[in-house]
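A.B. asks: Got a structure here, written out as structure tokens. Questions coming.
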Amino acid sequence: MEAEGTVSGAGLIAMQNFLTRKIAVLSTCLILLLALPVIMQLLDEPYLISLSSRILIYAIAAVSLYLILGYGGMVSLGHAAFFGTGAYVVGILASASFDASPVFSWPFQMDGSERLLVALPLALLISAFAALIIGFFSLRTSGMYFIMITLAFAQMLYYFYVSLEGYGGDDGLSLYSRSQLPLLDLGDDTHFYYLCLTFLLLFLLFCHRLVNSRFGRVIQGIRENEKRMQSLGYAVFGYKLACFVIAGAGAGLAGALMANQSEFVSPGLMHWTQSGEILVMVLLGGMGTLFGPVLGAVALLSMEEILSMFTEHWMVYLGPFLILVVLFTRGGLYGLLIGRER
Amino acid sequence: MLDSILRVEGLCKRFGAVEASNNLSFEVARGEIHALIGPNGAGKTTAINQLTGEITPDAGSIFFDGEEITHLPVHLRARKGLARSFQITAVFEHLSVEENLGLAVQAHQGHSFRFWRNVARDSSLKQLTRQAIETIGLEARAAEPAANLSHGEKRQLEVGMALASRPKLILLDEPMAGMGPGGTVKLAELIQGLKGNLSILLVEHDMDVVFSLADRITVLVYGEVIASGTVEQIRNDPLVRQAYLGEEVIDA
Ligand SMILES: Nc1ncnc2c1ncn2[C@@H]1O[C@H](COP(=O)(O)OP(=O)(O)O)[C@@H](O)[C@H]1O
Ligand SMILES: [Mg+2]
């Protein structure tokens, strides 16, 4: 009896230590993120604010992929399709607005717009719709077939945008300026940074609620054992598709922000190497928590940035490092930093 | 006329040259424990899989609670109150005991397209899940990931998940498979306690268990029913003695 008490006591202390460490690390990160533009101004490195926005945007994309990969067990190699779609919605609307010609005029007239409050919801909606179509077909398969079919769909979209001569085709499309939003000047890198940070935090909150909801538990059950879920009475296809669509909309959000960040969209945004990069962020960050993919995005993009200052062949150095992290830290970078939850 | 919860008529299923179900017909009465026995490879699991919809029969029909379900998909049969446990344990390894049972309960509380509310604080779910944990006696292990359970505890959870959905009929495919004698007794007591509240189709190897629990027995050999009747009738059936029970001592 006494031995048992000691064991559970030690377990409790370990749990408390873990929680304290988690809270400490996460609140430090949050303060750093909030203060970052100020710090960069002081260091006289304003370029880094823009880089940081890019990282936050990729973090949104990585978290959205993590929803289907980490919680749903669906390994997609076509996630950039939705990222690119979100970006193109912003790009096409902005370009039509600049040319003062409608995007299309049948069955109703759709005018261009440079307002974020128009472009962003549309980007979410259309990338969600793309995910609905692609998911509807791909989710009938699983494993290797699922990887291949999502990849194939993304490449199809890639070539579709390459063929869109009216919107720059292969060369892509430059935006005249960033989108407009009341009160903020998105052309200002600091304002834009805070916009991206807000969206990342909101998206994390949303995903946190999602994975701890009834729906989230069902998704995890499906990852664990789809057949058992069916025999318990779940129509699994609908839940998987819903999860896929939500993740697609998340990637669309990231894409819409990305179009604004670089003021440029091109088919390269949905090339399979983009999907691969987002996937690497997720793997690098580690499984088991939503902060993993955020950390993965921060780590991968910072390393790319730093290594590319020294050498053109940075991938040669980064590749082996990634393999080592994935092989030897089962919890990824998050696991290294905070420890494993279970 | 028997008041049956399940009626199977002329079920046939062939795997290449193997006749896994050969014109299979039997009925499970409401409230009874009906045992399905037969040597390894007789087609018991195949029969169960056709009842749940995981395998489509080549011919024949299945009626559940007065309704034909032969072509209904797996999850809709489950929603109607037809639950099963698996011969090979199929629990959610990375989820806790409580989460495993919670998923079984949740499946019967309407759709799960509920994205915001924290499921751990969902009182309607929690209460039924608690009861399910108590039914299988795993209170002390509620927060443990299923992967950390012993084999016996996993078998309890396996049966518990089928029970948690409060089915009308439960199909138990060798629930005691690989359990020690202690575990077998515990599980037999659990099944005994369910008697009357719901109907049970029990596939089991252990003859002692079958004879002590079952109201009626159907004997399967090479996909064919060779006998069906009360425990007494089966004990004394010469065909069963010869074909299946062989040298086993079946005198009480
Ligand atoms: N999916 C399958 N494909 C081919 N043969 C199968 C399949 N499932 C079962 N069988 C065969 O059907 C027969 C009955 O198997 P099964 O129903 O598992 O028997 P039991 O559960 O009574 O031991 C066996 O000969 C088995 O090899
Ligand atoms: Mg079997």
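Protein chains in written order, with this note's numbering: chain A, 484 to 825; chain B, 1419 to 1670. Backbone N, C-alpha and C define an ideal beta-carbon position, used for all residues, glycine too.
So is residue 589 of chain A buried or exposed if we call it buried at 16+ other beta carbons inside 10 Å?
C.D. replies: So residue 589 of chain A counts as exposed.
A.B. asks: Using a Cβ-Cβ distance under 8 Å, would residue 1526 of chain B count as near chain A?
C.D. replies: Yes - at least one Cβ of chain A is within 8 Å of the one on residue 1526 of chain B.
A.B. asks: Would you call the CB atoms of residue 1483 of chain B and residue 1447 of chain B closer than 8 Å?
C.D. replies: No; because the gap between Cβ atoms is not below 8 Å, this pair is not in contact.
A.B. asks: Is there contact here, the region 694 to 707 of chain A with the region 567 to 582 of chain A, by at least three beta-carbon pairs under 8 Å?
C.D. replies: Segments in contact, no.
A.B. asks: Under 7 Å from any heavy atom of ligand 1, does the C-beta of residue 1458 of chain B make it?
C.D. replies: Under cutoff, so the answer is yes.
A.B. asks: Starting from the C-beta of residue 1434 of chain B, find all residues in its chain whose C-beta is less than 6 Å away, skip the five residues before and the five after it, and write them out in chain order.
C.D. replies: Contacts found: none.
A.B. asks: What I want to know is whether the C-beta of residue 1468 of chain B ends up closer than 7 Å to one or more non-hydrogen atoms of ligand 2.
C.D. replies: False, no ligand heavy atom lies under 7 Å from that Cβ.
A.B. asks: Relative to ligand 1, is the shortest distance from any of its heavy atoms to the C-beta of residue 1461 of chain B smaller than 7 Å?
C.D. replies: The answer is yes for residue 1461 of chain B.
A.B. asks: Between which residues of its own chain and residue 816 of chain A is the CB-CB distance below 7 Å, once the five residues before and five after are set aside?
C.D. replies: Hits under 7 Å: 767, 768, 769, 778, 779, 782 and 808.
A.B. asks: Whose Cβ in chain B lies nearer than 7 Å to the Cβ of residue 708 of chain A?
C.D. replies: Here the neighbours are 1508 and 1510.
A.B. asks: Which parts of the region 1616 to 1666 of chain B are runs of the alpha helix (DSSP H), unbroken and 4 residues or longer, counting only runs that do not cross its ends?
C.D. replies: Segments of the alpha helix (DSSP H) lying fully in the region 1616 to 1666 of chain B: 1625 to 1631 and 1649 to 1654.
A.B. asks: Going by Cα to Cα distance, which pick from A:543, A:732 and A:618 is closest to residue 609 of chain A?
C.D. replies: Out of A:543, A:732 and A:618, A:732 has the C-alpha closest to the C-alpha of residue 609 of chain A.
A.B. asks: Mind checking if residue 1665 of chain B is an interface residue toward chain A, Cβ cutoff 8 Å exclusive?
C.D. replies: Unreliable positioning characterises residue 1665 of chain B in this predicted model, as indicated by a pLDDT of 48, which lies under 50. The coordinate reading is nonetheless provided below. Chain A, which has no Cβ nearer than 8 Å to the Cβ of residue 1665 of chain B, makes this no.
A.B. asks: Going by alpha carbons, who is nearest to residue 659 of chain A out of A:683, A:618 and A:582?
C.D. replies: Out of A:683, A:618 and A:582, A:582 has the C-alpha closest to the C-alpha of residue 659 of chain A.
A.B. asks: By the three-class DSSP mapping on this structure, what secondary structure does residue 488 of chain A have?
C.D. replies: With a pLDDT of only 41 at residue 488 of chain A, under the threshold of 50, the placement of this residue in the model should not be trusted; the figure read from the coordinates follows. Residue 488 of chain A falls in the helix class under three-state DSSP.
A.B. asks: Residue range of the alpha helix (DSSP H) that residue 700 of chain A falls in?
C.D. replies: Taken as a continuous stretch (DSSP letters only), the alpha helix (DSSP H) holding residue 700 of chain A covers 697 to 707.
A.B. asks: Starting from residue 722 of chain A, find everything on chain B with Cβ-Cβ shorter than 9 Å and list it in chain order.
C.D. replies: Ordered by position in chain B, the residues that pass the 9 Å Cβ test against residue 722 of chain A are 1530 and 1531.
A.B. asks: Between the beta-carbon of residue 603 of chain A and the beta-carbon of residue 728 of chain A, is there less than 8 Å?
C.D. replies: Against a cut-off of 8 Å, the Cβ pair of residue 728 of chain A and residue 603 of chain A comes out as no contact.
A.B. asks: Taking CB distances under 8 Å as the criterion, tell me whether residue 1520 of chain B reaches chain A.
C.D. replies: True, the Cβ-Cβ gap to chain A drops below 8 Å.
A.B. asks: Excluding the 5 residues flanking residue 719 of chain A on each side, which residues of the same chain have their C-beta closer than 7 Å to its C-beta?
C.D. replies: Correct list, in chain order: 705, 709, 712 and 713.
A.B. asks: Starting from residue 1481 of chain B, trace the beta strand (DSSP E) in both directions and tell me its first and last residue.
C.D. replies: 1477 to 1482 is the span of the beta strand (DSSP E), which, as asked, contains residue 1481 of chain B.
A.B. asks: In this structure, does DSSP put residue 653 of chain A in helix, strand or coil?
C.D. replies: In this structure, residue 653 of chain A counts as helix in the three-state DSSP scheme.
A.B. asks: For a quick check, are the C-beta atoms of residue 1632 of chain B and residue 1620 of chain B less than 8 Å apart?
C.D. replies: Their beta carbons are under 8 Å apart, which means residue 1632 of chain B touches residue 1620 of chain B by this criterion.
A.B. asks: The alpha helix (DSSP H) that contains residue 1557 of chain B, what's its start and end?
C.D. replies: Residue 1557 of chain B -> no alpha helix (DSSP H), and no H or E assigned at all.
A.B. asks: Within its chain, find whatever has a CB closer than 6 Å to the CB of residue 754 of chain A; leave out the 5 residues flanking it on each side and keep chain order.
C.D. replies: So the qualifying residues of the chain are 641.
A.B. asks: Rounded to a whole number of angstroms, what is the C-alpha to C-alpha distance between residue 1519 of chain B and residue 568 of chain A?
C.D. replies: Each residue's Cα considered, the two are about 40 Å apart.
A.B. asks: What are the boundary residues of the alpha helix (DSSP H) that includes residue 783 of chain A?
C.D. replies: Start and end: 774 to 793.
A.B. asks: Mind pulling the chain A residues with CB within less than 8 Å of residue 1537 of chain B?
C.D. replies: Result: 695, 696, 697, 699 and 700.
A.B. asks: Using 8 Å as the Cβ pair cut-off and three pairs as the minimum, do the region 782 to 793 of chain A and the region 536 to 549 of chain A touch?
C.D. replies: Yes, the region 782 to 793 of chain A is in contact with the region 536 to 549 of chain A.
A.B. asks: Quick check on residue 1492 of chain B - is its C-beta less than 8 Å from some C-beta in chain A?
C.D. replies: Residue 1492 of chain B counts as touching chain A.
A.B. asks: Straight-line CA distance for residue 1452 of chain B to residue 1648 of chain B?
C.D. replies: If you take the alpha carbons of residue 1452 of chain B and residue 1648 of chain B, they lie about 9 Å apart.
A.B. asks: Over the uninterrupted alpha helix (DSSP H) stretch that includes residue 887 of chain A, give me the two end residues.
C.D. replies: There is simply no residue 887 of chain A to check, as chain A begins at 484 and stops at 825 in what is shown.
A.B. asks: Is the beta carbon of residue 797 of chain A sitting closer than 8 Å to the one on residue 790 of chain A?
C.D. replies: Against a cut-off of 8 Å, the Cβ pair of residue 790 of chain A and residue 797 of chain A comes out as a contact.
A.B. asks: With a cut-off of 8 Å on the beta carbons, I'd call residue 1642 of chain B and residue 1623 of chain B a contact; round off their distance for me.
C.D. replies: Contact doesn't hold; Cβ gap of about 19 Å is too wide.
A.B. asks: By the three-class DSSP mapping on this structure, what secondary structure does residue 692 of chain A have?
C.D. replies: Of the three classes helix, strand and coil, the one that applies to residue 692 of chain A here is helix, per DSSP.
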